[in-house]
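Below is one structure, written out as structure tokens; the observations come after it.
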Amino acid sequence: MKMKKTLSLMLASAMSLALLAGCGGGGGASGAASSNPPAASNPPAASSQPASSGAQGAQYDGVELTMWSMWSSGEPQANVIEEAAAAFKEQTGATVNIEFKGRDVNKVLTASLEAKEKIDIIEDDYQRIANTYPNILDLTDMAKAVNYDSWSYACLNNQVIEWVGHLNSIVEQPQVGGVFYDKDAFEKAGVTAEPKTWAEFLDACQKIKDAGVGPVAQDSAYANFAFYHQLVRHLGEEKITELATNGGWSGTAAEQAAQDIIDLRNKGFLADGAPDEFPSSQNKIGFGQAAMIVCANYVTAEVNANTGTQVNWGLFNYPAVDGGAENSAAYAGANSLAITSYSENAQAAFDFIIFLTTGEMDQKMADAAAQIPADSRNTAPANLTGTIETLLAADKTMTWCAGLNANTDLKDTIKSMCTELFEGKYATGADFCKALDALY
């Protein structure tokens, strides 16, 4: 009962703010943050259920919402969304009609939104929502009303605002990258703390090697992603994009970034056979032959499934380098939810989104789909330990090699050269950068 009252108050407060702001139940994007203070100073309870409005009857009785989902019927994510819709209807009266479009939803959304088809909620990659789709509602005021910033991930919210100028989506399935590692391998080697600097990382590698385990797994498929982390630390993404587009790598901090990888190999800190063909090297973590890998959070489930083991996973952000340009950036992304600017029931749609992405339903989603919770107050699955903390600590998101891929004519060649860097083809970082410049 206490949980029901909490969300009921939250919904009522959010609706009050919407009325005060003159938004009503539909409306277009406001384009700027409201000057009104948030109507709700506290976030919804960590395990809340929707509640009706008591004597007034169901709050959204008769309201119908249409959601286009990126999942297919029967998938774990789809099952949780259906469960959330049923619970939301029971308590608020609103019917959420879910159309499971599958991964190709992105191929039809632009035209459908331009035509203003009957859609209230969409679900897709947050970058596409920000940069591709028309007629998406500004959620700034609604998010403020429920104190969204208090439990969400600032790095993801800030990235959306940088793209669009305001918040136009709510995170549903966060993703994060960094150094995923076997805690048991660390303990066996006497590594008692997660490395925060490159020097600490090298020290940990030496201890792990001395314990008879390959420190770093590396598959060729992700060689560019691993090296990209080192480049971002030394150069920052903007500079990487400039160099990838125009050349001029020699004489920059890219030489030191490449030298760091060469030194890593020369010290014997790569697992045997690295870089291997995917997924041979990452699987070595499951077999106890390697301790760490630079990848995104899905690697944990892949390794566990491929090797039939349950690795005691941990995660830390890629280590900082001396004088680095972007020392705390972390790869992050999300599948998110957004509301159409022409929805006639935008507040009800928002309340359903918050219900789905917080508390009990969000925890169910995290557990069923083995994903990072959207609500940072919830608990990540065991194989994703450390992901919430890494996302919360990141002050800037890092893309998946967008800087290196900026030159479409050269991106495949550059990716191949990153693999060669890990293979030991280049004697020095200067040699590697000279070879890059020869491409232009």
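If you read the sequence shown in the working numbering, its first letter stands for residue 120, the second for the next number, and so on.
We put the beta carbon where it would ideally sit given N, CA and C, even for glycine.
Point to revise | Bridge-paired residues (DSSP) for Gln294 | key: Indexing the sequence shown from 1 puts residue 294 at position 175. DSSP output for Gln294 lists Gly452 as bridge partner(s).
Review point. Is it right to say Ser323 is buried, meaning 16 or more other beta carbons lie within 10 angstroms of its own, or is it exposed?
Key: On the sequence shown, position 204 is the one that residue 323 refers to. Checking the sequence, you will find Ala at residue 323 rather than Ser. Burial call: buried.
Exercise for review: Say whether the segment 511 to 521 touches the segment 316 to 331, bearing in mind that this needs 3 or more beta-carbon pairs closer than 8 Å, one atom from each stretch.
Suggested key: Flag = no, the segment 511 to 521 and the segment 316 to 331 do not touch.
**Study point:** Identified DSSP bridge partners for Cys414
**Key:** Position 295 of the sequence shown, counted from the start, is the residue given in the question as residue 414. DSSP, once it has assigned bridges, lists Gly297 as partnering Cys414.
Check your understanding: Does the distance from the C-beta atom of Thr229 to that of Tyr245 stay below 7 Å?
Key -> The residue labelled residue 229 in the question sits at position 110 within the sequence shown. The residue labelled residue 245 in the question sits at position 126 within the sequence shown. Cβ atoms of Thr229 and Tyr245: not closer than 7 Å.
**Study point:** Whole-angstrom C-beta distance between Pro195 and Ala488, which should lie under 8 Å
**Key:** Start at 1 with the first residue of the sequence shown, and residue 488 comes out as number 369. Start at 1 with the first residue of the sequence shown, and residue 195 comes out as number 76. Going by Cβ atoms, the distance from Ala488 to Pro195 rounds to 4 Å, so yes, they are a contact pair.
Check your understanding: In this structure, what does DSSP give as the bridge partners for Val335?
Key -> Translated into positions along the sequence shown, residue 335 becomes position 216. Val335 pairs with Leu389 and Met411.
**Study point:** Distance, Lys328 Cα to Gln378 Cα
**Key:** Within the sequence shown, residue 378 is the residue found at index 259, counting from 1. Within the sequence shown, residue 328 is the residue found at index 209, counting from 1. Approximately 20 Å between the Cα atoms of the pair.
Practice item. Between the Cα of Lys515 and those of Glu463, Thr185, Val279 and Val332, spot the shortest distance and give me the residue it belongs to. Key: One-based indexing of the sequence shown puts residue 515 at position 396. Considering only Glu463, Thr185, Val279 and Val332, the residue with the shortest C-alpha distance to Lys515 is Val279.
Check your understanding: Among Asp550, Ala546, Ser535 and Lys544, which has the Cα closest to the Cα of Ser339?
Key -> Counted from its first residue, the sequence shown places residue 339 at position 220. Ranking Asp550, Ala546, Ser535 and Lys544 by Cα distance to Ser339 puts Ser535 first.
Check your understanding: From Cys552 to Asp391, what distance separates their C-alpha atoms?
Key -> Numbered from its first residue, the sequence shown carries residue 552 at position 433. Numbered from its first residue, the sequence shown carries residue 391 at position 272. Here the alpha carbons of Asp391 and Cys552 stand approximately 26 Å from one another.
Review point. Taking the alpha-carbon positions, what's the Asn225 to Asp243 distance?
Key: By 1-based counting over the sequence shown, the position of residue 225 is 106. By 1-based counting over the sequence shown, the position of residue 243 is 124. C-alpha separation (whole angstroms): 7 Å.
Point to revise | Cβ shell of Asn423 (< 8 Å), same chain only, five flanking positions each side left out | key: As a first step, residue 423 is located in the sequence shown; it is residue number 304 there, counting from the start. So the list reads Gly405, Gln429, Val430 and Asn502, once near-sequence residues are dropped.
Review point. Less than 7 Å separating the beta-carbons of Lys288 and Ile248?
Key: Locating residue 288 in the sequence shown gives position 169, where the first residue counts as 1. Locating residue 248 in the sequence shown gives position 129, where the first residue counts as 1. According to the sequence shown, residue 288 is Ser rather than Lys. Yes, they are a contact pair.
Check your understanding: CA-CA distance, Gln66 and Tyr437?
Key -> Given a span of 120 to 559 for the chain in the structure shown, any question on residue 66 remains unanswerable.
Exercise for review: Please report the residue range of the alpha helix (DSSP H) in which Val283 lies.
Suggested key: On the sequence shown, residue 283 is found 164 positions in, with the first residue counted as 1. If you look at Val283, you'll find it in the alpha helix (DSSP H) that goes Ala273 to Val283.
Point to revise | Nearest-angstrom Cβ-Cβ length linking Ala304 and Val283, presumed shorter than 8 Å | key: Counting from 1 along the sequence shown, the entry for residue 304 is found at position 185. Counting from 1 along the sequence shown, the entry for residue 283 is found at position 164. In fact, because the Cβ distance is near 42 Å, the residues do not count as touching under 8 Å.
Review point. From Leu434 to Asn276, what does the alpha carbon distance come to, in whole angstroms?
Key: The residue labelled residue 434 in the question sits at position 315 within the sequence shown. The residue labelled residue 276 in the question sits at position 157 within the sequence shown. Taking the straight line joining both Cα atoms gives about 22 Å.
Review point. Can Leu321 be considered in contact with the ligand ZN, in the sense that its beta carbon sits closer than 6 Å to one or more heavy atoms?
Key: With respect to small molecules bound, the structure shown includes none, and the ligand ZN cannot be examined in it.
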